[in-house]
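For the sequence shown, UniProt numbering assigns the number 1 to the initial residue and increments by one for each residue that follows. Structure, as C-alpha cells:
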Amino acid sequence: MQHLLLLHGALGSKDQFQPLVHLLEDTYQVHTFNLSGHGGQPLPGSAFTIQSFSEHVARYIQDMNIKTVNVFGYSLGGYIAMYLAQQMPDTITKVVTLATKFHWDEKTASKEVKLLDSKTIQEKVPAFAEQLQQRHAPVNWTSLLDKTKELLINLGTNNTLQLEDYTGINTPCLVLLGDRDKMVTLEETLAVYKQLPNAQLGVLPATPHAFEQVNLSLLAFMIRKFIK
Numbered sequence: 001m002q003h004l005l006l007l008h009g010a011l012g013s014k015d016q017f018q019p020l021v022h023l024l025e026d027t028y029q030v031h032t033f034n035l036s037g038h039g040g041q042p043l044p045g046s047a048f049t050i051q052s053f054s055e056h057v058a059r060y061i062q063d064m065n066i067k068t069v070n071v072f073g074y075s076l077g078g079y080i081a082m083y084l085a086q087q088m089p090d091t092i093t094k095v096v097t098l099a100t101k102f103h104w105d106e107k108t109a110s111k112e113v114k115l116l117d118s119k120t121i122q123e124k125v126p127a128f129a130e131q132l133q134q135r136h137a138p139v140n141w142t143s144l145l146d147k148t149k150e151l152l153i154n155l156g157t158n159n160t161l162q163l164e165d166y167t168g169i170n171t172p173c174l175v176l177l178g179d180r181d182k183m184v185t186l187e188e189t190l191a192v193y194k195q196l197p198n199a200q201l202g203v204l205p206a207t208p209h210a211f212e213q214v215n216l217s218l219l220a221f222m223i224r225k226f227i228k
C-alpha cells in the first residue's frame with residue numbers, strides 16, 4: 001500500500017484532515033502531521049521558514065522509515081510539498097496541491113499580513129479566535145499568528161521558490177485550485193503549472209479557499225485518479 005502524507009496550511013492542523021483520511025485510508029497508508037507550532041506542537045525559537053518546515057517533515061518521513069511517499073498539501077502545505085519534491089526527488093513520488101499561493105512579493109505579503117491581526121480577529125470573528133485557541137493549545141495562538149506574519153513578510157521579500165525553480169521539479173504534480181478562491185489567483189497557479197515538466201491542472205467547482213468548504217469526495221476522487 002502506498003504512503004500518502006497530508007500537509008495542512010498556515011494556522012491549520014492535522015485534525016482538519018480527519019474526514020479526508022476516512023475517504024482515503026482504504027487506498028493508502030495515510031499520514032497526518034502537525035507543522036512546528038501548530039496543533040499543539042511547540043513553537044520553535046527560530047523563525048518559521050519553508051526550509052525549516054520542510055526539514056521537520058523530512059525528519060518525520062525518516063523516523064517513520066518511509067522510503068517513498070505521495071504528498072497532498074493544502075495551501076502552505078502545498079508550497080512545502082513542492083519544496084520537498086525539489087529537495088527530495090527520490091523520496092517524493094507524486095505531489096497534489098490545493099489552494100497553494102505560489103506568488104509572493106511585498107505587496108501580496110502586506111495584504112495577507114493585514115488579515116492576521118489578532119485584535120481584529122478577536123473583535124470581528126471571535127469564533128475563529130476561539131477555534132485557533134483550541135486548535136493550537138497549549139501554544140498561544142497570537143504568538144503563532146506573529147510567527148506566521150513574519151513568514152509571509154519574509155516570503156514577500158524573498159520568495160523561497162522562484163517561478164524558474166519549478167522547471168527543475170520533475171516529480172509528477174497535480175495542481176488544484178478552487179474556482180472561488182479569493183486568496184490564490186488562477187494566473188499564479190497557471191504560471192507554476194506551465195513551468196512544471198510533469199504536471200496536471202484541475203479546478204474544483206464552487207470551491208473557496210477554506211478547506212472546510214471543499215467537496216472532499218471530489219478531492220479524494222481526484223487524488224486517487226492522479227496517484228493510482
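Heads up, the beta-carbon is just placed ideally off N, CA and C, and yes, glycines get one too.
Under 6 Å Cβ to Cβ from residue i, same chain only, skipping five residues before and after it: list those, please.
| i | result |
| --- | --- |
| Lys182 | none |
| His56 | Ser36 |
| Glu123 | none |
| Leu98 | Tyr74, Leu176 |
| Val203 | Leu177, Asp179 |
| Arg135 | Ser13 |
| Gly77 | Leu7, His8, Gly9 |
| Ala47 | Glu150 |
| Leu201 | Val175, Tyr193 |
Can you tell me where the alpha helix (DSSP H) with residue i in it begins and where it stops?
| i | result |
| --- | --- |
| Gly78 | 76-87 |
| residue 229 | Nothing about residue 229 can be reported from this structure: the residues present for the chain run from 1 to 228 only. |
| Ile169 | Where Ile169 is concerned, there is no enclosing alpha helix (DSSP H), given that its DSSP letter is neither H nor E. |
| Glu25 | Neither: Glu25 is in no alpha helix (DSSP H) and is coded neither H nor E. |
| Lys194 | 186-195 |
Would you give the residue range spanned by the beta strand (DSSP E) that residue i belongs to?
| i | result |
| --- | --- |
| Thr32 | 29-33 |
| Gly156 | Here Gly156 belongs to no beta strand (DSSP E); instead the alpha helix (DSSP H) covers 141-157. |
| Ala199 | 199-204 |
| Val175 | 173-178 |
Please go through the same chain and pick out, in chain order, the residues whose beta-carbon is closer than 8 Å to the beta-carbon of residue i, but skip the five residues on each side of it.
| i | result |
| --- | --- |
| Leu24 | Leu4, Val30, Ala220, Ile223, Arg224 |
From the DSSP output, read off the bridge partner residues of residue i.
| i | result |
| --- | --- |
| residue 229 | The displayed coordinates of the chain run from 1 to 228. Any statement about residue 229 would go beyond what the structure contains. |
State the DSSP-derived secondary structure class of residue i, mapped to helix, strand or coil.
| i | result |
| --- | --- |
| Leu132 | helix |
| Lys101 | coil |
| Ala137 | coil |
| Phe17 | helix |
| Thr160 | coil |
| Lys107 | helix |
| Gln51 | helix |
| Ile61 | helix |
| Thr120 | helix |
| Leu115 | coil |
| His56 | helix |
| Leu11 | coil |
| Lys67 | coil |
| residue 240 | Within the shown structure, residues of the chain are numbered from 1 to 228, placing residue 240 beyond reach of any answer. |
| Pro126 | helix |
By Cβ distance, which residues of its chain are closer than 7 Å to residue i, with the 5 residues on each side in sequence left out?
| i | result |
| --- | --- |
| Ile121 | Phe128, Ala129 |
| Thr142 | Ser118 |
| Val71 | Leu5, Leu7, Ala81, Leu84, Ile92, Val95 |
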